[in-house]
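J.: Supplied in structure tokens, the structure appears directly below.
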Amino acid sequence: MTETLALEIKNVVKKRRQRTVGPMNLQIPQGYIVALVGSNGSGKSTILHMMTQSLLPDEGEIRWFGEEGAGELPLEIRSKIAYVAENPLTEENFETAEQAASFRAHWYPTWDQERFDRLMTKFDVPRKERLNRMSKGERRKFEVAAALATNPKLLILDELSSGLDPFAWKDMIDELQKCMVGEDVTIIMATHIVEEVKRLADYIVLVHRGEVLGMVEKDILYGCCYEVWVRGDRSELRERTDIIQHEEEEPSVHKLIVRDEGIIADLQQSKQLQVLRSRALELEEVLELWIQGYHPIQGITRNIDF
Ligand SMILES: Nc1ncnc2c1ncn2[C@@H]1O[C@H](COP(=O)(O)OP(=O)(O)OP(=O)(O)O)[C@@H](O)[C@H]1O
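Structure below.
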């Protein structure tokens, strides 16, 4: 990757009570939306905490915008980063939205009050209400409005949709898409919502049991694997090295997972096999295969027992 990097993670390790996260390496290019996906407890929030220095790595280093990241982040870099954590800061609990916003405006030279006001109105958040008296969704909307008002170069979001109703969720998606137009903003978001990944992400980082399995362009994952049902003798399939998974659903009817559409065409050419039907795998199914050991770019890593 030759683009300017918003963030670079080199050999980073964080030891947590239940699980060690890392060692991991990641290069996040500037100007894209990157989604961190993975099961509960896989390490997504830990990674985001380290990206914002709310947690320090035990080993390795992180660089922001190509700058050295050792020690405390300089204010100049910190003010380019906005972070919406999974759980909001308790320090601000007794402040109203207006008070918390004016405090943040003081720390962020790029604070845009007009943008904040516009978003608060759009999201319908009560300004004079104390933050700890807001509903979960209202608080979330305030946090996102305040993060966007800082005009960040790097926006880090942990579970954006947590507590949001479907209308507010759509508004958020629209705002994030708007904020990517014509600006050199990078967004890194941890999410469990496939629709969010589909709508927003340029790249997907898959995290599994504390390990970063890789980063792949989202569009590569569409049409990278197919499910195909064929009728014929299993001996006809034995020689094929391009089958990722095989299951004999009933005698002589096989459900296969194959790498690409070309293989389906190839199977259709076979005189001994009859292709019954096929479909492209959904994004979440491709991710599941990746967790099982099939890398969408590097390919097959397992042997199939016929
Ligand atoms: N404050 C903490 N102290 C010690 N261990 C923690 C702490 N927070 C998380 N962990 C552990 O670190 C590991 C990774 O947790 P993390 O919250 O990063 O996962 P996650 O992928 O964000 O999960 P989820 O999708 O459920 O939010 C888990 O084993 C968790 O128990």
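To get the working numbering, take the position in the sequence shown, counting from 1, and add 144. The beta carbon of each residue, even a glycine, is placed where N, CA and C say it ideally should be.
Take the Cβ of G182 as the centre, count every other Cβ of all protein chains shown within 10 Å, and call the residue buried at 16 or more, exposed below.
T.: Label assigned to G182: buried.
J.: What's the C-alpha gap between D98 and A244?
T.: Not covered by the structure: residue 98. The range shown for the chain is 145 to 450.
J.: Taking Cβ positions, are R309 and G281 nearer each other than 9 Å?
T.: One detail in the question is off: residue 309 reads as Asp in this sequence, not Arg. Their beta carbons are under 9 Å apart, which means D309 touches G281 by this criterion.
J.: Helix, strand or coil: which one does DSSP assign to L299?
T.: Strand, per DSSP.
J.: Taking the runs of the alpha helix (DSSP H) that are 4 residues or longer, which of them lie wholly in the stretch 251-319?
T.: Listed in chain order, the complete alpha helix (DSSP H) runs (minimum 4 residues) inside the stretch 251-319 are 257-267, 280-293.
J.: How about T190: is its Cβ closer than 8 Å to a heavy atom in ligand 1?
T.: Indeed, a heavy atom of ligand 1 lies less than 8 Å from the Cβ.
J.: For A229, which of helix, strand or coil comes out of DSSP?
T.: In the structure shown, A229 sits in coil (DSSP, three-state: anything other than H, G, I, E or B).
J.: Ligand 1 and R336: does the residue's C-beta get closer than 8 Å to at least one heavy atom of that ligand?
T.: Per the sequence shown, residue 336 should be read as His rather than Arg. Correct: H336 has its Cβ closer than 8 Å to ligand 1.
J.: Return yes when at least one heavy atom of ligand 1 lies under 8 Å from the C-beta of S186, else no.
T.: Because some heavy atom of ligand 1 lies under 8 Å away, the Cβ of S186 counts as near it: yes.
J.: Which whole-angstrom value is the C-beta distance of I401 and C369, which I expect to be below 8 Å?
T.: Indeed, because the Cβ distance is near 6 Å, the residues count as touching under 8 Å.
J.: With H, G and I counted as helix, E and B as strand and the rest as coil, what does DSSP make of R248?
T.: Of the three classes helix, strand and coil, the one that applies to R248 here is helix, per DSSP.
J.: Report the residue from L292, R274, L275 whose alpha carbon sits nearest the alpha carbon of A249.
T.: If we check each option's Cα against that of A249, L292 comes out closest.
J.: Considering Cα atoms alone, identify which of I300, R277, I206, A226 is closest to T234.
T.: For T234, the nearest C-alpha among the options comes from R277.
J.: Can you tell me the Cα-Cα spacing of P296 and E426, whole angstroms?
T.: Their backbone Cα atoms lie some 33 Å apart in a straight line.
J.: Measuring CB atoms only, is the stretch 203-212 touching the stretch 166-178, in the sense that at least three cross pairs come out at less than 8 Å?
T.: The answer is yes - the stretch 166-178 touches the stretch 203-212, with three or more Cβ pairs under 8 Å.
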